[in-house]
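Here's the structure we're looking at; comments come further down.
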Amino acid sequence: MSKAPHLRERVAFDRPTLSPDGYGGQVSGWSDGAESHECRAELIYLRGGEAVEAARLAGRSVYKVRVRHCAQAREITADWRMRDLRRGAEYNVREVDTITDRAWIFLVVESGVAV
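Residue numbers (the numbering used here): 6 to 120.
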């Protein structure tokens, strides 16, 4: 039997919003009402890997995040952002894994990059 994860962090996920750019098009961004889901999570600092090491050298942090599987969490896609509510840090969601485990959703998030 596996040990239960420690869901110590509080995170929120924001859906991108579209707003007019003044030239007849639309620009994607973040607004105050874009929060879609708030939950407890476990942040796992990724080590190794050439891409992870390159990100570190460029001043970016890469984490694997574990959240409970629910209908709201299944809506998260790779164009969303995650906010750490305790520290105020923002992360771009890079990957979403909803099929590996029926009880958990795993995300790969990265800080310090533009959307």
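Don't be surprised by glycine CBs; every beta carbon is placed ideally from N, CA and C.
If you're wondering where the values come from, they're calculated on a predicted model, not measured in any experiment.
How about residue i and residue j: are their beta carbons less than 8 Å apart?
i   : j    : result
R65 : G117 : yes
A2  : E40  : Summary: the structure shown does not reach residue 2, with the chain confined to residues 6 through 120, and so no result is reported for it.
For the candidate residues the options, whose alpha-carbon lies nearest to that of residue i?
i   : options                : result
W85 : L23, L12, H11 and L62  : L23
R15 : A46, G34, L112 and V98 : A46
K69 : D26, A59 and E100      : E100
V67 : H42, R79, E95 and H74  : E95
Answer yes or no: the CB of residue i versus the heavy atoms of the ligand MG, is any distance below 7 Å?
i   : result
A17 : Absence of the ligand MG is noted for the structure shown, with no ligands found whatsoever.
Have a look at residue i and residue j and give me their C-alpha separation to the nearest angstrom.
i    : j   : result
R107 : R91 : 27 Å
R20  : I81 : 8 Å
C44  : Y50 : 19 Å
T103 : Y28 : 38 Å
F33  : A78 : A small correction: the amino acid at residue 33 is Ser; Phe does not occupy that position in the sequence shown. Between S33 and A78, the C-alpha separation is close to 21 Å.
Mind checking which residues open and close the alpha helix (DSSP H) that includes residue i?
i   : result
R79 : A76 to R79
From what residue to what residue does the beta strand (DSSP E) around residue i run?
i    : result
W109 : W109 to E115
A17  : E14 to D19
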